[in-house]
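The number in the working numbering is simply the position in the sequence shown, starting from 1, with 748 added.
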Amino acid sequence: MTPLHSLTVSLTPLFNTAFLQDTDKLNEFKIALNNRFQALRDLLKEEETTMENNWKGIKEALTSTCQEVLGLKKLHHKEWISTETLDKIKERKNKKAAINNSRTRAEKVQAQAEYIEANKQVKRSIRADKKKYVEELATTAEKAAREGNMKQLHDTTKKLSGKYSKPERLVRNTEGKPITEIQQQRNRWVKHFEELLNRPAPMNPPDIEAAHTDLPIDVNPPTTEEIRMAIRQIKNGKAAGPDNIPAEELNTAVEQSRMGICAYCLFIACQLRQYLCTTHSMHQSEDPSKTIPSELNFTSLHKQVAIRIQ
């Protein structure tokens, strides 16, 4: 077992996808993404490239657009704070700096008055954002209750109720008595996992015969509409995969154009299918993921598309 002090956590930069809820930012994002894909389309027409290079170009277009328009997510900002409030917070910060940089008493009094007014506007705007956020959550919870979507209802209720820390459960010994000492609790956990993980092999392993005929699986290239539906099934608010492309960006790109990102995803998916077919048999390969380039493994897009391809 790896000691806790030797574990290292690598933080992937998160894009501020909450800005896509703002109409102006959303339009700016769509225009920038369309320009990037237009340039990439022209480049692919002129040069012959490999599948990995094509995917890297698509990934670069998506991530660079997020970096340019949305920016990185600041962890101390709440998701419900609007862009207008963030601008007012930045303005309040400048007013605060003006107080410290004042040279005369009159300038300082004037700067303090401006800071007080800016602070009032920030608080007023934050209260309005919080009220709007809570009302939207309540509407979402009511809709989920009507539709019988228990998962969405549970998640929304948790957001409305705020943080809740569960009490620690007692560690008990084999006789059911609670253990209070730290070292004894650790020893009990070690014993528990030793019994759980170090089980003997089964006496009579199952003998599974190979199928005599191949299953009727459609191995034709997926259509643009199928890939568009696969992208739409990716849920928002989830962490991005190794490709660092948020689901919100893919969904926004799909809504923007019927021939933009979907055409490129179709192109990559067809190449991926052909790559799998030529390297290994699709029905007899023991580990198909080994035939996929490392950059394409388990990304948020290809996990969905692989269902249709395989």
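Idealized CB from N, CA, C, for every residue including glycine.
(request) Report yes if the C-beta distance between TYR881 and TRP937 is below 7 Å; otherwise report no. (result) For the purposes of this step, residue 881 is taken as residue 133 along the sequence shown, with counting starting at 1. For the purposes of this step, residue 937 is taken as residue 189 along the sequence shown, with counting starting at 1. TRP937 sits away from TYR881, with the two beta carbons spaced by 7 Å or more.
(request) Go ahead and label ALA949 buried or exposed: buried means 16 or more other beta carbons lie within 10 angstroms of its beta carbon, across all protein chains shown. (result) Here residue 949 corresponds to residue number 201 of the sequence shown, with the count starting at 1. When all chains shown are included, ALA949 counts as exposed.
(request) Could you check what DSSP says for ILE806 in three-state terms: helix, strand or coil? (result) Your numbering for residue 806 matches position 58 in the sequence shown. In this structure, ILE806 counts as helix in the three-state DSSP scheme.
(request) Work out the CA separation of GLY819 and ASN764 for me, nearest whole Å. (result) Residue numbering aside, residue 764 sits at position 16 when the sequence shown is read from its first letter. Residue numbering aside, residue 819 sits at position 71 when the sequence shown is read from its first letter. If I take the Cα positions, the gap works out to 6 Å.
(request) For ALA988, count neighbouring C-beta atoms within 10 Å of its own C-beta (all shown protein chains included) and say buried if the count is 16 or more, exposed if not. (result) If you number the sequence shown from 1, residue 988 lands on position 240. Burial call: buried.
(message) Assuming contact is defined by CB atoms lying nearer than 7 Å, are ILE847 and GLN860 in contact in what I supplied?
(response) Position 99 of the sequence shown holds residue 847. Position 112 of the sequence shown holds residue 860. In this structure, GLN860 lies closer than 7 Å to ILE847 by Cβ.
(message) Looking at the secondary structure, which residues open and close the alpha helix (DSSP H) in which ASN935 lies?
(response) The residue you call residue 935 lines up with position 187 of the sequence shown. First-last of the alpha helix (DSSP H) with ASN935: 930–945.
(request) Give the single residue among ASN921, GLU862, ASN867, THR811 whose Cα lies nearest to the Cα of LEU762. (result) Residue numbering aside, residue 762 sits at position 14 when the sequence shown is read from its first letter. Nearest of ASN921, GLU862, ASN867, THR811 to LEU762, Cα basis: THR811.
(message) Alpha carbons only, please: which of LYS841, ASP877, PRO953, ARG851 is nearest the one belonging to TYR863?
(response) Here residue 863 refers to the residue found at position 115 when the sequence shown is read from its first residue. For the residues LYS841, ASP877, PRO953, ARG851, the minimum Cα distance to TYR863 belongs to LYS841.
(request) Give the single residue among LYS838, LYS879, SER850 whose Cα lies nearest to the Cα of ASN867. (result) To locate residue 867, count along the sequence shown from 1; it is residue 119. The shortest Cα separation from ASN867 among LYS838, LYS879, SER850 belongs to LYS838.
(message) Within a Cβ cutoff of 6 Å, which residues of the same chain sit near LYS773, ignoring the five residues on either side of it in sequence?
(response) In the sequence shown, residue 773 corresponds to position 25, counting from 1. Answer for LYS773: PHE767, listed in chain order.
(message) In the DSSP assignment, the alpha helix (DSSP H) including SER909 goes from what residue to what residue?
(response) In the sequence shown, counting from the first residue as 1, residue 909 sits at position 161. Start and end: 898–909.
(request) Look up ARG920 in the DSSP assignment and say whether it is helix, strand or coil. (result) Here the question's residue 920 lines up with position 172 in the sequence shown. DSSP places ARG920 within a strand segment (E or B) once states are collapsed to three.
(message) So, for LYS1071: in the same chain, excluding its five sequence neighbours on each side, which residues have a beta-carbon less than 7 Å away from its beta-carbon?
(response) Within the shown structure, residues of the chain are numbered from 749 to 1058, placing residue 1071 beyond reach of any answer.
(message) Measuring straight from C-alpha to C-alpha, what distance separates CYS814 and ASP770?
(response) What you label residue 814 is simply residue 66 of the sequence shown in a count that begins at 1. What you label residue 770 is simply residue 22 of the sequence shown in a count that begins at 1. Computed Cα separation, rounded: 14 Å.
(request) Give a yes or no on whether the C-beta atoms belonging to SER850 and LYS844 are separated by under 7 Å. (result) To locate residue 850, count along the sequence shown from 1; it is residue 102. To locate residue 844, count along the sequence shown from 1; it is residue 96. For SER850 and LYS844, no; Cβs fall outside 7 Å.
(request) Could you name the residues of the same chain whose beta carbon sits closer than 6 Å to that of ARG920, not counting the 5 residues immediately before and after it, in chain order? (result) Your numbering for residue 920 matches position 172 in the sequence shown. Excluding positions up to five away in sequence, the list reads PRO926.
(message) Using 7 Å as the threshold, is the C-beta distance between PHE785 and VAL817 below it?
(response) Translated into positions along the sequence shown, residue 785 becomes position 37. Translated into positions along the sequence shown, residue 817 becomes position 69. Cβ atoms of PHE785 and VAL817: not closer than 7 Å.
(request) Please determine, among THR922, ASN952, PRO969, THR928, the residue with the shortest C-alpha to C-alpha distance to LYS939. (result) Looking up residue 939 in the sequence shown gives position 191. Of THR922, ASN952, PRO969, THR928, the residue nearest in Cα terms is THR922.
(request) Apply the 10 Å Cβ neighbour rule to GLU883 and answer buried if 16 or more other Cβ atoms are within range, or exposed otherwise. (result) Mapped onto the sequence shown, residue 883 falls at position 135. So GLU883 ends up on the exposed side.
(message) Can you tell me where the alpha helix (DSSP H) holding PHE777 begins and where it ends?
(response) Reading the sequence shown from its first residue, position 29 is the one you call residue 777. Looking at the DSSP string, the run of the alpha helix (DSSP H) that includes PHE777 is 771–794.
(message) For THR904 and THR928, which I take to be in contact (beta-carbon distance under 8 Å), what is that distance rounded to the nearest angstrom?
(response) By 1-based counting over the sequence shown, the position of residue 904 is 156. By 1-based counting over the sequence shown, the position of residue 928 is 180. Actually they are not in contact, since the Cβ atoms of THR904 and THR928 sit about 38 Å apart, beyond 8 Å.
(message) Do ILE975 and ALA995 count as a contact pair if the criterion is CB distance below 7 Å?
(response) By 1-based counting over the sequence shown, the position of residue 995 is 247. By 1-based counting over the sequence shown, the position of residue 975 is 227. Cβ distance not < 7 Å, so ALA995 and ILE975 don't count as in contact.
(message) Here's a check: name, in chain order, each residue in its chain whose Cβ is nearer than 7 Å to the Cβ of PHE1046, leaving out the five neighbours to either side.
(response) By one-based count along the sequence shown, residue 1046 stands at place 298. Since pLDDT at PHE1046 reaches only 37, below the 50 mark, its modelled position is unreliable, and the value read off the structure follows with that caveat. Only GLY989, PRO990 meet the Cβ criterion.
(message) Determine whether the beta carbon atoms of LYS899 and VAL870 lie at a separation below 7 Å.
(response) As a working note, residue 899 is residue 151 in the sequence shown. As a working note, residue 870 is residue 122 in the sequence shown. No, the pair does not count as a contact, with Cβ atoms beyond the cut-off.
(message) Does ILE993 come out as helix, strand or coil in the three-state DSSP assignment?
(response) What you label residue 993 is simply residue 245 of the sequence shown in a count that begins at 1. If DSSP states are grouped into helix, strand and coil, ILE993 belongs with coil.
(request) May I ask you to list the residues that DSSP assigns as paired with ILE927? (result) Here residue 927 refers to the residue found at position 179 of the sequence shown. Paired residue(s): VAL919.
(message) For GLU808 and GLU795, I'd like the C-alpha separation in whole angstroms.
(response) The residue you call residue 808 lines up with position 60 of the sequence shown. The residue you call residue 795 lines up with position 47 of the sequence shown. Cα to Cα, the separation comes out at about 17 Å.
(request) State the Cα-Cα distance for the pair GLU916 and ILE930, rounded to the nearest angstrom. (result) Sequence index remark: in the sequence shown, residue 916 carries index 168 (1-based). Sequence index remark: in the sequence shown, residue 930 carries index 182 (1-based). So the alpha carbons of these two residues sit roughly 13 Å apart.
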